[in-house]
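Number of protein chains: 2
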Amino acid sequence: MTDLRPGDASLVRKVNTQVTLRALRREGVATLTQLGRITGLSRQTVEAVLDELGERGWVREVPPDGGVMGRPARRFGFRADAGHVVGVDVSGDRVVVTLADLNGEVVACERVPVAAGAPAPERLDVARRACLACVDGAGVARTRVWALAAGTSGIVDRSGRVSLSLTLPGWTGVDLAGIAGRWFGCTALAANDANLAALAEHWRGSAQHASDVVYILAGHRLGAGILIGGRLHPGRSGAAGEIGTLRQVGWEEAATSLVKEGSAEEVFAGAVAGDRAALRAVDRYAENLAIGASALVLAVDPDLLVIGGAYSQAGDVLLAPLRRHLAELCLSGPEVVTSTFGDDGVALGAVRLALDRVERDVLGL
Amino acid sequence: MTDLRPGDASLVRKVNTQVTLRALRREGVATLTQLGRITGLSRQTVEAVLDELGERGWVREVPPDGGVMGRPARRFGFRADAGHVVGVDVSGDRVVVTLADLNGEVVACERVPVAAGAPAPERLDVARRACLACVDGAGVARTRVWALAAGTSGIVDRSGRVSLSLTLPGWTGVDLAGIAGRWFGCTALAANDANLAALAEHWRGSAQHASDVVYILAGHRLGAGILIGGRLHPGRSGAAGEIGTLRQVGWEEAATSLVKEGSAEEVFAGAVAGDRAALRAVDRYAENLAIGASALVLAVDPDLLVIGGAYSQAGDVLLAPLRRHLAELCLSGPEVVTSTFGDDGVALGAVRLALDRVERDVLGL
DNA sequence: TCACTTACGAGACCTCTTTCCATAAGTTTC
DNA sequence: GAAACTTATGGAAAGAGGTCTCGTAAGTGA
Numbered sequence: 003m004t005d006l007r008p009g010d011a012s013l014v015r016k017v018n019t020q021v022t023l024r025a026l027r028r029e030g031v032a033t034l035t036q037l038g039r040i041t042g043l044s045r046q047t048v049e050a051v052l053d054e055l056g057e058r059g060w061v062r063e064v065p066p067d068g069g070v071m072g073r074p075a076r077r078f079g080f081r082a083d084a085g086h087v088v089g090v091d092v093s094g095d096r097v098v099v100t101l102a103d104l105n106g107e108v109v110a111c112e113r114v115p116v117a118a119g120a121p122a123p124e125r126l127d128v129a130r131r132a133c134l135a136c137v138d139g140a141g142v143a144r145t146r147v148w149a150l151a152a153g154t155s156g157i158v159d160r161s162g163r164v165s166l167s168l169t170l171p172g173w174t175g176v177d178l179a180g181i182a183g184r185w186f187g188c189t190a191l192a193a194n195d196a197n198l199a200a201l202a203e204h205w206r207g208s209a210q211h212a213s214d215v216v217y218i219l220a221g222h223r224l225g226a227g228i229l230i231g232g233r234l235h236p237g238r239s240g241a242a243g244e245i246g247t248l249r250q251v252g253w254e255e256a257a258t259s260l261v262k263e264g265s266a267e268e269v270f271a272g273a274v275a276g277d278r279a280a281l282r283a284v285d286r287y288a289e290n291l292a293i294g295a296s297a298l299v300l301a302v303d304p305d306l307l308v309i310g311g312a313y314s315q316a317g318d319v320l321l322a323p324l325r326r327h328l329a330e331l332c333l334s335g336p337e338v339v340t341s342t343f344g345d346d347g348v349a350l351g352a353v354r355l356a357l358d359r360v361e362r363d364v365l366g367l
Numbered sequence: 003m004t005d006l007r008p009g010d011a012s013l014v015r016k017v018n019t020q021v022t023l024r025a026l027r028r029e030g031v032a033t034l035t036q037l038g039r040i041t042g043l044s045r046q047t048v049e050a051v052l053d054e055l056g057e058r059g060w061v062r063e064v065p066p067d068g069g070v071m072g073r074p075a076r077r078f079g080f081r082a083d084a085g086h087v088v089g090v091d092v093s094g095d096r097v098v099v100t101l102a103d104l105n106g107e108v109v110a111c112e113r114v115p116v117a118a119g120a121p122a123p124e125r126l127d128v129a130r131r132a133c134l135a136c137v138d139g140a141g142v143a144r145t146r147v148w149a150l151a152a153g154t155s156g157i158v159d160r161s162g163r164v165s166l167s168l169t170l171p172g173w174t175g176v177d178l179a180g181i182a183g184r185w186f187g188c189t190a191l192a193a194n195d196a197n198l199a200a201l202a203e204h205w206r207g208s209a210q211h212a213s214d215v216v217y218i219l220a221g222h223r224l225g226a227g228i229l230i231g232g233r234l235h236p237g238r239s240g241a242a243g244e245i246g247t248l249r250q251v252g253w254e255e256a257a258t259s260l261v262k263e264g265s266a267e268e269v270f271a272g273a274v275a276g277d278r279a280a281l282r283a284v285d286r287y288a289e290n291l292a293i294g295a296s297a298l299v300l301a302v303d304p305d306l307l308v309i310g311g312a313y314s315q316a317g318d319v320l321l322a323p324l325r326r327h328l329a330e331l332c333l334s335g336p337e338v339v340t341s342t343f344g345d346d347g348v349a350l351g352a353v354r355l356a357l358d359r360v361e362r363d364v365l366g367l
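If you're matching them up, the sequences are chains A and B in order. Our numbering puts the first sequence at residues 3 to 367. Our numbering puts the second sequence at residues 3 to 367.
As structure tokens, this is what we get:
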């Protein structure tokens, strides 16, 4: 249950501050009267709220807009650059850092390769340097980073510790959130990469209008992320969606079955060109994929199934057989689409996660 | 996102009414001063709120409690009998009706057998009569039933229509919520029986302290219900957890494998007695069960797995092998327990669902 | 009967919101 | 260039809620 706290008059101010701030963020720039109309509050109240927000540095007055009739109205804008958040994707062979302002607009991006076999301390150091370089390069003061979120492959528990990683050496047991928190001295979060990719699709990608989403990361390895009610569902131990370990679903074979015919890219290219062996290989892959996907789909019954990861670039060559096999397994399956962001979604989803935290903690709720 | 409405002073009153009402419901009977301490509100405010609630009929003043020192305090109690809710379980061979007051205390219960082959209209009529008889028998005015919820096997969509039933004749397509709403002229809901059983366990049974729960109904047929964050997760089409159709998980064989050796009860009894053939049969059943369960567990990663349904009465004879097989399939599975209510949980969960609705709509939020 | 304890009730004061009205600062028209 | 019109601003007053304080009421125990 939501534990409800009693409210005095200041609660009303809190709520109205929220309402006003949200409206202003949507509008970008607005006058007092406009905000009053939008929020349903009186102009006076909006003014008082905005004064307070101005003092706190959230809001800035911008020059009035000439040209219209009547006395020019004071105009206010949300200071999206009052703070920033960092999203990091620490994957097998690279680190991707995305810096965004409070509106979620991406300000800078940094990609740094890292050796697949790099031990954990080295990988962490690469990530740290990349984050600092990204922030410094964008001319953002390090103290202006209010939150950071990191995504990585493997199972990440609620506290942001990597509790199991099969692919990155020495990665199991790394307290990713704890360590990353010290980079900027801000709150830090960590989550599974597929989960974050799902979040990114829900935010700005293919899954914007879906509430419950299953995201399948189809690449050299297979992973899955789940959104329930538009929010991350990590599960008790952060392992929700990690269905790969179940032998019956055959996700372990899936990847190997594909590369038997050559590199994955070659196989998909061949399938596009109409090569029958390649088509068969893709079909087999899709079938294996569908078994695991259907387990997730039947369990969660999502609005949408998003296929991401490197292989999703193959598009309909993969999707068509996947849809077919899925339809056989699930009586009434969800819509299936490819991801908008592919691998870049992880860092973007991390940004969203960090923003969620900032909006909850700093902007209050 | 939650759409936030601006608040004036009356918002504060609404919130404080909520807080007070909740506290009073927890306490049962309390004085103004006690409520003030609990809620953090001033005595004055509590008094004003209670006056208002008294006028609306939610709250009643009860005689003061003598014996303690000082001036006797006025005492107030929540009027749990101001309204009632009905929970119905329409299953293959019987209808169970549970009538509860606003505290969720069960006031009356009615069990009526119904022929397994009964067509839908007859089944509905039996359910209707049972509901009316239960309410009338308890001396509760029919207009005092504020909400009704019905649980049934099969897939029930968001609107409360049975979109697929494989076991009840003519049941597919029945608008259960719509029809049941006319019985008392109140809001009516319908949901899958396993989902409601899960809700009951979370409310008052084995799953009270778990937030994410997978409930498996193990009986003549197999079904599953899922709770996320303590709330029902029906999924897009109401089919969340309906993993039985997936051939790989082998839930279809599970049931048949058991009864090959005789009736299920005999087999479990034999296993308890140490009969080797029976033990093997139970082990095979547990193994099949574990495959489907692990798919759900890996997908959702719940805090708790509850085994309900008729077979759960076998207790450790079933649970021990189930835990063993599950541990093989899921690296770090959740705790596994048997249900508290068994089959009775469906009607009780329906009560909880109806109460949730009443609390949201009538008591406001 | 007196002291002690606990609850009640009225009044003062604070916060936040809304409504109303006079005033300011532009544009358009004559 | 002045008058009329439009739109925004700023201050005063009123109302709804909530808290705090203090005197009073209504019990118990000696």
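A virtual CB, placed ideally from N, CA and C, is assigned to each residue, including glycine. Please read all numbers here as calculations on a predicted model, not as lab measurements.
Candidates the options: which alpha carbon is nearest residue i's?
i, options, result
"B:L320", "B:A301, B:L291, B:E203, B:G335", "B:L291"
"B:G139", "B:P123, B:G162, B:V109", "B:V109"
"B:R306", "A:P304, A:S239, A:A297", "Reading the sequence as shown, one finds Leu at residue 306 of chain B and not Arg. When only C-alpha atoms are compared, the closest one is A:S239."
"B:R354", "B:L234, B:R326, B:P323, B:G175", "B:L234"
"B:A50", "B:L23, B:R113, B:E29, B:R325", "B:L23"
"B:D83", "B:L104, B:T340, B:G180", "B:L104"
"A:G56", "A:P74, A:T35, A:D277, A:F78", "A:F78"
Excluding the 5 residues preceding and the 5 following residue i in the sequence, name in chain order all residues of the same chain whose CB lies nearer than 6 Å to its CB.
i, result
"B:V142", "H86"
"A:G272", "A280"
"A:G311", "L219, A220, G221"
"B:V21", "T41"
"A:G183", "A190"
"B:E289", "H327"
"B:E124", "none"
According to DSSP, is residue i helix, strand or coil?
i, result
"A:S334", "coil"
"A:F270", "helix"
"A:N18", "helix"
"B:D103", "strand"
"A:V97", "strand"
"A:P74", "coil"
"A:G246", "helix"
"B:R81", "coil"
"A:L126", "helix"
"A:V142", "coil"
"A:R233", "strand"
Excluding five sequence neighbours on each side, which residues of the same chain lie with their C-beta closer than 7 Å to the C-beta of residue i?
i, result
"B:G232", "H204, S213"
"B:A129", "V90, V92, V97"
"B:A196", "Y217, L219, G225, A226, G227, G243"
"A:N18", "L43, T47, V51"
"B:V114", "R96, V97, V128, A132"
Which residue marks the beginning of the beta strand (DSSP E) containing residue i, and which one marks its end?
i, result
"B:A151", "147–154"
"A:R62", "61–64"
"B:G89", "86–92"
"B:A32", "31–33"
Which residue comes first and which comes last in the alpha helix (DSSP H) that contains residue i?
i, result
"B:R223", "First-last for B:R223: undefined, no H or E at that position."
"B:P115", "Run containing B:P115: none in the alpha helix (DSSP H); it sits in the beta strand (DSSP E), 108–115."
"A:D53", "45–58"
"A:L6", "From DSSP, A:L6 is part of no alpha helix (DSSP H); its letter is neither H nor E."
Given residue i, which residues of its chain have a CB within under 8 Å of its CB, disregarding the five upstream and five downstream residues?
i, result
"A:V364", "G85, W148"
"B:M3", "Low confidence applies to B:M3: its pLDDT is 49, below 50, so where it sits in the model is not reliable enough to give any reading."
"A:A25", "A32, L37, I40, T41"
"A:L34", "R45, V48, E49, L52, A75, R76, F78"
Segments of 3+ residues assigned as beta strand (DSSP E) that fall wholly inside the stretch 285–366 of chain A: 306–310, 337–340
Ranges of the alpha helix (DSSP H) found wholly within the stretch 163–221 of chain A, counting only runs of at least 4: Counting whole runs of 4 or more residues, the stretch 163–221 of chain A contains the alpha helix (DSSP H) stretches 178–186, 195–206.
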